[in-house]
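Enquirer:
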Amino acid sequence: MRLNPKSASFIALVALVVSAAAQQTTPAAPPPAPGGPRITLDDAIKLALDHSPTLRATRTQIAQSQAQEVTANFRPNPVLSWDSQFIPIFNPSQFSASYLENQAQFDVGIGYLFERGKKRQHRLQAARDQTAVVTSQVDDNQRSLIFNTSQQFIAALLAQSTLELAQQNFDSFQQTVTISNARFKAGDLSEGDLLKIKLQSLQFQSDLSTAKLAKIQALAALRQFLGFESVPDTFDVQGELDYQPVHATIEDLKILAARSRPDLRAAQQGVTAARSQEALMRANGKKDLGVTFDYQHVAGINSGAFFFNIDLPIFDRNQGEIARTRYAIMQAEQQAIETAQQVNTDVTDAYGALTSNDEIIQLYRGGYVDQAKQSLDITEYSYKRGSASLLDFLDAERTYRANQLAYRQALASYMTAVEQLRQAVGTRNLP
């Protein structure tokens with residue numbers, strides 16, 4: 002079969018362009034910023050826990066509560082009192098050692114309040130129980146911070162993966178533009194089709210610019226959780242959007258959540274703290290005994306005296322505070338029940354979201370991703386050789402791009418659902 006010179010020159014030109022394109026750098030992910038550290042998800046969580054100003058501020062509540070334990074354990078201070086009587090202040094001439102010895106009166110006393118009903122022990126126990134509640138509440142804030150950091154890290158991974166896809170699509174389509182120019186010069190492509198291809202190239206460039214901006218914004222949002230002073234401006238994330246199946250049953254997860262959720266533990270400890278407060282109020286209803294020893298010097302005679310005083314619990318026996326703390330116990334018990342129900346709801350919602358996202362991932366992994374890629378490769382091969390129309394090729398490009406982007410978003414949604422399940426359970430170690 003003989004080829005006319007026009008077709009032969011076109012085939013030679015296409016072969017030259019394809020050879021040059023093959024020698025170009027293979028499309029790859031954009032390199033990280035020079036000198037910028039790359040952090041993993043575990044690194045991000047550790048940095049957030051170490052440098053979050055909000056968590057640091059919350060942790061001081063534990064130290065404050067422990068300081069209140071010290072105050073609660075104090076015993077009453079002894080009381081020192083003294084007085085002088087019959088001192089000739091307005092008749093200084095009468096001042097003499099004999100006058101002070103035989104006519105003036107001096108009293109020195111020391112008193113102590115003996116607490117009844119083991120008030121100090123109850124105060125200390127109530128303070129310790131409150132410290133336990135505060136500690137669990139801080140752990141719950143830490144749980145929320147870990148989830149928020151993980152969620153934003155996954156968003157950064159998605160932005161990075163989207164940028165890689167946009168860069169690959171742009172580089173690949175640039176080869177198409179080059180071949181289309183060659184076909185146009187060879188007379189095998191109309192000027193209208195060439196313009197359509199160049200306009201489509203603008204869309205790829207716009208997608209690439211949008212992806213770059215999205216990654217910058219994702220890293221900035223992540224840095225806010227990590228602490229701006231903990232990482233430099235050139236930091237980047239390290240990792241991939243990945244599918245890791247979870248095999249635990251919902252019942253196992255609910256049991257694990259009942260043991261691990263710090264907010265549930267705080268609610269349960271709140272019941273104990275409320276009961277400690279009731280015991281303290283009952284102890285406060287018992288009146289304390291005041292004892293004072295007084296040394297007296299009167300008219301040359303030295304003597305001592307003991308004084309005792311105690312309130313008579315006729316009217317005030319602390320009935321109001323005792324009744325209040327009883328209702329506080331009821332309130333704490335109901336809050337613990339509500340928190341337990343919320344934990345079950347959170348686990349159910351998170352497990353449902355995980356199951357739904359898992360089904361979507363299985364659809365993509367079952368063949369949709371490979372089929373879209375194969376369709377694009379076949380259409381692109383045919384178009385570059387003049388066997389497929391421009392519309393077929395552009396449609397295959399759009400389908401592949403949408404399929405790849407949706408698959409990456411599905412992976413990110415699945416990974417976020419796993420993190421949501423970890424938050425709902427209260428631990429990162431899923432069964």
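Numbered continuously in our numbering, the sequence shown closes out at residue 432.
Every residue gets a Cβ at the ideal spot worked out from N, C-alpha and C, and that includes glycine.
Report the option in Arg57, Pro54, Ser414 and Asn303 whose CA atom is closest to the CA atom of Thr356.
Expert: Start at 1 with the first residue of the sequence shown, and residue 356 comes out as number 355. For Thr356, the nearest C-alpha among the options comes from Ser414.
Enquirer: Cutting at 6 Å between CB atoms, please list the residues of its own chain near Ala34, excluding the five before and the five after it.
Expert: As a first step, residue 34 is located in the sequence shown; it is residue number 33 there, counting from the start. Residue placement at Ala34 is flagged as unreliable, the pLDDT there being 45, under the threshold of 50; the coordinate-derived value follows with that caveat. Closer than 6 Å at the Cβ level, and outside the excluded window around Ala34, lie Thr235.
Enquirer: Keeping to the same chain, check which residues put their C-beta closer than 8 Å to that of Ile63; ignore five residues upstream and five downstream.
Expert: As a position in the sequence shown, residue 63 is number 62, starting the count at 1. So the qualifying residues of the chain are Thr132, Val135, Thr136 and Val139.
Enquirer: Is it the case that the stretch 35-45 contacts the stretch 238-254, given that we only count it when at least three CB pairs across the two stretches are under 8 Å?
Expert: Short answer: they touch.
Enquirer: Select from Asp378, Lys199 and Ile46 the residue whose C-alpha is nearest the C-alpha of Val178.
Expert: Start at 1 with the first residue of the sequence shown, and residue 178 comes out as number 177. With distances taken between Cα atoms, Val178 lies closest to Lys199.
Enquirer: Report all residues from its chain with a CB closer than 7 Å to the CB of Ser162; omit the five preceding and five following residues, and keep chain order.
Expert: Position 161 of the sequence shown, counted from the first residue, corresponds to residue 162. Taken in chain order, the residues that qualify are Leu242 and Arg409.
Enquirer: With respect to the beta strand (DSSP E) encompassing Ala306, which residues constitute its N-terminal and C-terminal limits?
Expert: Sequence index remark: in the sequence shown, residue 306 carries index 305 (1-based). Here the beta strand (DSSP E) through Ala306 covers Ile302 to Ile311.
Enquirer: Following the continuous beta strand (DSSP E) through Asp347, name the residue where it begins and the one where it ends.
Expert: Within the sequence shown, residue 347 is the residue found at index 346, counting from 1. It is not in any beta strand (DSSP E) - Asp347 instead sits in the alpha helix (DSSP H) that spans Gln320 to Leu364.
Enquirer: Taking only heavy atoms of the ligand ATP into account, decide whether any of them is closer than 7 Å to the Cβ of Ala68.
Expert: As presented, the structure is devoid of all ligands, the ligand ATP included, so that no description of it is given.
Enquirer: Rounding to the nearest angstrom, what Cα-Cα distance links Gln297 and Ile315 in this structure?
Expert: For the purposes of this step, residue 297 is taken as residue 296 along the sequence shown, with counting starting at 1. For the purposes of this step, residue 315 is taken as residue 314 along the sequence shown, with counting starting at 1. Taking the straight line joining both Cα atoms gives about 34 Å.
Enquirer: With C-beta atoms as the reference, is Gln421 less than 8 Å away from Ala351?
Expert: Indexing the sequence shown from 1 puts residue 421 at position 420. Indexing the sequence shown from 1 puts residue 351 at position 350. The answer is yes: Cβ separation under 8 Å.
Enquirer: I'd like to check one pair, Ile111 with Thr293: are the Cβ atoms closer than 8 Å?
Expert: Start at 1 with the first residue of the sequence shown, and residue 293 comes out as number 292. Start at 1 with the first residue of the sequence shown, and residue 111 comes out as number 110. The answer is yes: Cβ separation under 8 Å.
Enquirer: For His123, count the other beta carbons within 10 Å of its own beta carbon; 16 or more makes it buried, fewer makes it exposed. Which is it?
Expert: By one-based count along the sequence shown, residue 123 stands at place 122. Label assigned to His123: buried.
Enquirer: Pick out the complete alpha helix (DSSP H) segments inside the stretch 213-263, 4 residues or longer, and give them in chain order.
Expert: Here the runs fully enclosed are 251-261.
Enquirer: Given a cut-off of 8 Å, decide if Lys213 and Leu164 are closer than it, judged by their beta-carbon atoms.
Expert: For this step, residue 164 is matched to residue 163 along the sequence shown. For this step, residue 213 is matched to residue 212 along the sequence shown. Yes, the Cβ-Cβ distance between Leu164 and Lys213 is below 8 Å.
Enquirer: My assumption, with CB atoms under 8 Å, is that Phe205 sits in contact with Phe185. Please give the rounded CB distance.
Expert: By 1-based counting over the sequence shown, the position of residue 205 is 204. By 1-based counting over the sequence shown, the position of residue 185 is 184. No, Phe205 and Phe185 are not in contact; Cβ-Cβ is about 19 Å, not under 8 Å.
Enquirer: Assign Leu431 to one of three DSSP states: helix, strand, or coil.
Expert: Translated into positions along the sequence shown, residue 431 becomes position 430. Leu431: coil per DSSP, three-state reduction.
Enquirer: Please report the distance separating the alpha-carbon of Ala22 from that of Gln405.
Expert: In the sequence shown, counting from the first residue as 1, residue 22 sits at position 21. In the sequence shown, counting from the first residue as 1, residue 405 sits at position 404. Annotation note: pLDDT 38 at Ala22 (below 50); position unreliable, coordinate value reported separately. C-alpha separation (whole angstroms): 23 Å.
Enquirer: Measuring CA to CA, which of Arg429, Asn285, Gln104 and Arg276 is closest to Gln320?
Expert: Walking along the sequence shown from the start, residue 320 turns up at place 319. The option with the nearest alpha carbon to Gln320 is Asn285.
Enquirer: Strictly by DSSP, which residues pair up with Thr293?
Expert: Position 292 of the sequence shown, counted from the start, is the residue given in the question as residue 293. In the DSSP output, where bridge partners are listed per residue, Thr293 has Gly112 and Phe308.
Enquirer: Do Asn182 and Leu195 have their C-beta atoms closer together than 8 Å?
Expert: Working through the sequence shown from its first residue, we reach residue 182 at position 181. Working through the sequence shown from its first residue, we reach residue 195 at position 194. Taking 8 Å as the Cβ cut-off, Asn182 and Leu195 qualify as a contacting pair.
Enquirer: Quick one: what's Gln95 bridged to in DSSP?
Expert: Against the sequence shown, residue 95 aligns to sequence position 94. For Gln95, which the question treats as bridged, DSSP gives no partner whatsoever.
Enquirer: Measuring alpha carbon to alpha carbon, tell me which residue in Lys119, Leu48, Ala258 and Leu209 is nearest Leu290.
Expert: To locate residue 290, count along the sequence shown from 1; it is residue 289. When each option's Cα is compared against that of Leu290, the closest is Lys119.
Enquirer: Since Gln106 and Gln86 should fall inside the 8 Å C-beta cutoff, what is the C-beta to C-beta distance between them, to a whole number of angstroms?
Expert: Working through the sequence shown from its first residue, we reach residue 106 at position 105. Working through the sequence shown from its first residue, we reach residue 86 at position 85. Yes, Gln106 and Gln86 are in contact; Cβ-Cβ is about 4 Å, under 8 Å.
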